[in-house]
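Numbering (this note's numbering), first residue to last: 5 to 107.
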């Protein structure tokens, strides 16, 4: 399993639009084969900071996500709304390893 944690800082005036676009990406991402989770979080202490938690069964399914129409649309739509480039860090899962515990 592979998890990518993405931190996004959004310009304040685009927060509502960013949330709307990201929720659309989320709704389509959780339907992808190999997707285990796709969480969208907003920081309580800084409303412009978002955290995307993306879990996939394999590195291949995580890579396939970045080729989907909904991801490409999201990427292009939100690009100018970011206060700085997004930071994505891939992680290997240690626990839980049981697929049933992820959804």
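The beta carbon of each residue, even a glycine, is placed where N, CA and C say it ideally should be.
- If you look at residue 8, you'll find it in the beta strand (DSSP E) that goes 6–13.
- Annotated three-state conformation of residue 43 is strand, per DSSP.
- Inclusion of residue 79 and residue 12 in the CB contact set at 7 Å is not warranted, their separation being larger than that value.
- Secondary structure of residue 20 (DSSP, three-state): helix.
- Annotated three-state conformation of residue 56 is strand, per DSSP.
- Nearest to residue 43 by C-alpha distance, out of 88, 7 and 97, is 7.
- In this structure, 14 is the residue among 94, 96 and 14 with its C-alpha nearest to the C-alpha of residue 50.
- About 7 Å separates the beta carbons of residue 57 and residue 45, which is inside the 8 Å limit, making them a contact pair.
- A distance below 7 Å separates the beta carbons of residue 5 and residue 97.
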